[in-house]
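Numbering (this note's numbering), first residue to last: 6 to 378. Just so you know, even glycine gets a beta-carbon here, dropped at the ideal spot from N, CA and C. Remember, it's a predicted structure, so these values are computed and weren't measured experimentally.
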Amino acid sequence: MLGFYESLARASQGEWVTRIVHYGDSHVAADILTGALRRQLQFCFGEAGAGFVMPGRPWQGYSRAGVTSQTSAGWQTDGLTQASLSADGRLGLAGVSLSTKAPGEWISVTAAGSYFDIYVLKQPGGGSVDVLLDGVEHQRNVSLASRASESACIEVVAQIGSVHTIEIRTTSLGLARIFGIAIEFNNTGVIYDALGINGARASRPLRWDWKVLAGSLERRDPDLIVIAYGSNEVSDSDLDVEEYRASFATLLKKFHEAAPRASILVVGPPDRAVRIANRWKTIARMPALVEAQRQAAFEAGAAFYDLFKAMGGPGSIQRWATQPERLAQPDRVHLKTAGYRLVADWLYAELMSGYLQTVSEARSRMPRQGNVQ
Numbered sequence: 006m007l008g009f010y011e012s013l014a015r016a017s018q019g020e021w022v023t024r025i026v027h028y029g030d031s032h033v034a035a036d037i038l039t040g041a042l043r044r045q046l047q048f049c050f051g052e053a054g055a056g057f058v059m060p061g062r063p064w065q066g067y068s069r070a071g072v073t074s075q076t077s078a079g080w081q082t083d084g085l086t087q088a089s090l091s092a093d094g095r096l097g098l099a100g101v102s103l104s105t106k107a108p109g110e111w112i113s114v115t116a117a118g119s120y121f122d123i124y125v126l127k128q129p130g131g132g133s134v135d136v137l138l139d140g141v142e143h144q145r146n147v148s149l150a151s152r153a154s155e156s157a158c159i160e161v162v163a164q165i166g167s168v169h170t171i172e173i174r175t176t177s178l179g180l181a182r183i184f185g186i187a188i189e190f191n192n193t194g195v196i197y198d199a200l201g202i203n204g205a206r207a208s209r210p211l212r213w214d215w216k217v218l219a220g221s222l223e224r225r226d227p228d229l230i231v232i233a234y235g236s237n238e239v240s241d242s243d244l245d246v247e248e249y250r251a252s253f254a255t256l257l258k259k260f261h262e263a264a265p266r267a268s269i270l271v272v273g274p275p276d277r278a279v280r281i282a283n284r285w286k287t288i289a290r291m292p293a294l295v296e297a298q299r300q301a302a303f304e305a306g307a308a309f310y311d312l313f314k315a316m317g318g319p320g321s322i323q324r325w326a327t328q329p330e331r332l333a334q335p336d337r338v339h340l341k342t343a344g345y346r347l348v349a350d351w352l353y354a355e356l357m358s359g360y361l362q363t364v365s366e367a368r369s370r371m372p373r374q375g376n377v378q
């Protein structure tokens, strides 16, 4: 985590934008936990923008604070169903994209910012798009065609860092695929990208096209990558814990190879229970899955936070769901807003503890200044 802590130190001095990308399942997709962490880090180190957002509503309930988006009817969402996931895997930074083949389709995103990076796929048979800034043509007939599929970026710079509307319009018959838009101010601070997908397992990113993903990650240049899976696969009847450990380690190594400068933090899943004979019991394999993630993290040189243990271990989700101030949903899988915010407080405290220790050690190594005798 040293690289991440050093980036925060530079952000605190007004010298750096610290970028965090957080992958995971529905706990991340809701952006309650990540939203709370985003607010706390930006309050402490400065707000550098909304970060990476997916345009439109890739699923019901998707939203990001301070961002509104609309699309025409001719776009399809890629990467959510097994069929689209298996089609080509070229899904970009978040593992979800919007695509169309028709001219005249449009996407608009409104948010405060100075820089708007539109992440797209260039590919054989690609069409072209116009890009408008606040209703005024900014770039015309940008080609999305290339000999090989590759991640690309269309840069839009606004003169004033206020609320702007970016619009993308397809202008020809051909393939157009939009991964998302990264929104930033022209100042230092923290950016926190929430890249969760409902129902996702750790095996899902392994099915993405890593050449395309690596291109997007290189552009995003994160200081910290957070990986948070486990709540869905722990209930799979065919789960082999040893195979899971090996594949999880492979996933972490792929992220390290794609973004070698980034620190990697694995956040283990919260407790999950199932109903057995009228009683809620923690899924039996949960401790083994958490331990598999821990071993994989250390094998890959990543940090690990044991949320299952922090909650109280087996039976904790049942207590959280039934105590007077409910912290977990009745499904014994998801948390309530208060529960996610509590977990965000724990994670923030751990991150700040490591950061402050790093700053203290750095200061202790600095030579003392004084008068020469």
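- Of the candidates Ser-221, Phe-313, Val-22, Ala-315, Ser-221 places its Cα closest to the Cα of Leu-126.
- Residue pairing of Lys-259 in beta bridges, as defined by DSSP: absent, with no partner found.
- Check the Cα spacing between Asp-122 and each of Gly-131, Ile-171, Leu-211, Ser-89: the tightest is with Ile-171.
- Within a 10 Å sphere around the beta-carbon of Phe-48 sit fewer than 16 other beta-carbons, which makes this residue exposed.
- For Thr-105, the uninterrupted beta strand (DSSP E) segment begins and ends at 102-105.
- In the displayed model, Leu-361 falls within a helix according to three-state DSSP.
- Under DSSP, His-339 forms no beta bridge with any residue.
- When secondary structure is reduced to three states using DSSP, Ala-333 falls in the strand class.
- Each residue's CA atom was taken as its position, placing Ala-157 and Pro-129 some 13 Å apart.
- Look at the beta carbons and you see the region 109-124 touching the region 158-177: at least three pairs across the two are nearer than 8 Å.
- Residue nearest to Ala-264 within the set Arg-24, Ile-196, Arg-15, Ala-16 is Arg-24 (criterion: CA-CA distance).
- If the five residues before and after Ser-268 are omitted, its C-beta is found closer than 6 Å to the C-beta atoms of Met-6, Gly-8, Phe-9, Leu-229, all from its own chain and listed in chain order.
- Rounded to whole angstroms, the gap between the alpha carbons of Ser-104 and Tyr-310 is 36 Å.
- The alpha carbon of Phe-50 has as its nearest neighbour, out of Asp-139, Asn-192, Met-316, Ala-99, the alpha carbon of Asn-192.
- Rounded to the nearest whole angstrom, the CA to CA distance from Tyr-124 to Leu-85 is 18 Å.
- If you keep only unbroken alpha helix (DSSP H) runs of at least 4 residues inside the region 192-278, you get 215-225, 246-263.
- As DSSP reads the structure, Cys-158 sits in a beta bridge with Tyr-124.
- Contact check for Gly-140 and Trp-213: beta-carbon distance about 35 Å, past the 8 Å limit, so the pair fails to qualify.
- One alpha carbon belongs to Pro-329, the other to Pro-60, and they sit about 39 Å apart.
- A Cβ-Cβ separation of about 17 Å leaves Val-239 out of contact with Tyr-28 under the 8 Å criterion.
- Residue environment: Gly-194 is assigned as buried (16 or more neighbouring CB atoms within 10 Å of its CB, all protein chains considered).
- Exposed is the label assigned to Glu-223, since fewer than 16 other Cβ atoms lie within 10 Å of its Cβ.
- Here Trp-325 carries a helix assignment [DSSP, helix/strand/coil].
- Only residues of its own chain outside the window of five on either side were considered, and among them Arg-346, Ala-349 have a CB closer than 6 Å to the CB of Ala-41, listed in chain order.
- Look at Gln-81 here: in three-state DSSP terms it is strand.
- Taking all protein chains in view, the Cβ of Ile-165 is surrounded by fewer than 16 other Cβ atoms within 10 Å, so the residue is classified as exposed.
- The C-beta distance from Val-33 to Leu-200 rounds to 7 Å, short enough to meet the 8 Å contact threshold.
- Counting the other CB atoms within 10 Å of its CB gives Gln-81 a total below 16, which places it among the exposed residues.
- Per DSSP, Phe-50 is one residue of the alpha helix (DSSP H) stretching across 38-50.
- Minimum Cα-Cα distance from Ala-315 among the listed residues Ile-288, Lys-286, Asp-276 corresponds to Asp-276.
- With contacts defined as CB atoms closer than 8 Å, Tyr-234 and Arg-43 fail to qualify as a contacting pair.
- Non-local C-beta neighbours of Arg-152 in its own chain, meaning closer than 7 Å and more than five positions away in sequence, comprise Pro-129, ordered along the chain.
- Per DSSP, the unbroken alpha helix (DSSP H) holding Val-33 starts and ends at 31-34.
- Of the residues assessed, Asp-226 falls on the exposed side of the cut-off, its CB having fewer than 16 other CB atoms within 10 angstroms.
- Counting only the Cα atoms, Ala-293 lies some 15 Å from Ser-252.
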